[in-house]
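Here the structure comes first, spelled out in structure tokens, and everything after it is commentary.
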Amino acid sequence: MSETILHNEEETVLDALGEVCPYPLLKVQMAMEGVKSGGILRVHFDCGKATETIPEWAKEDGHEQLSLEEHGDQWTIRLRKKAE
């Protein structure tokens with residue numbers, strides 16, 4: 001299980017592959033704290049339950065889901081952080 005967070009001017013990338021629920025969501029919540037208002041967080045994960053929990057949390061917290069893509073047994077979600 002690895003966690004990699006990469007920051008650039010356009011996106012923050014979180015690798016949550018190999019993490020079982022609830023850890024992908026917890027890592028998304030922590031990573032989002034480091035994203036600037038209006039910035040994008042891209043998350044790679046392979047826990048099927050997180051396809052529900054991450055979008056639900058994002059909506060409840062006011063973030064915008066830009067995409068959710070399936071790549072075999074893995075997913076990528078892109079979230080835009082709410083304006084503060």
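Numbering (the UniProt record's numbering), first residue to last: 1 to 84.
Even glycine gets a Cβ: it sits at the ideal position worked out from N, Cα and C.
Keep in mind it's a predicted model, so treat the numbers as computed, not measured.
Taking 3 residues as the minimum length, the UniProt domain "UPF0033" (14 to 38) contains no beta strand (DSSP E) run wholly inside it. About 6 Å separates the CB atoms of residue 81 and residue 63; that is less than 8 Å, so the two are in contact. With respect to the C-alpha of residue 83, the residue from 58, 15, 38, 18 having the closest C-alpha is 38. A distance of 8 Å or more separates the beta carbons of residue 14 and residue 53. Where residue 56 is concerned, the enclosing alpha helix (DSSP H) starts and stops at 50 to 61.
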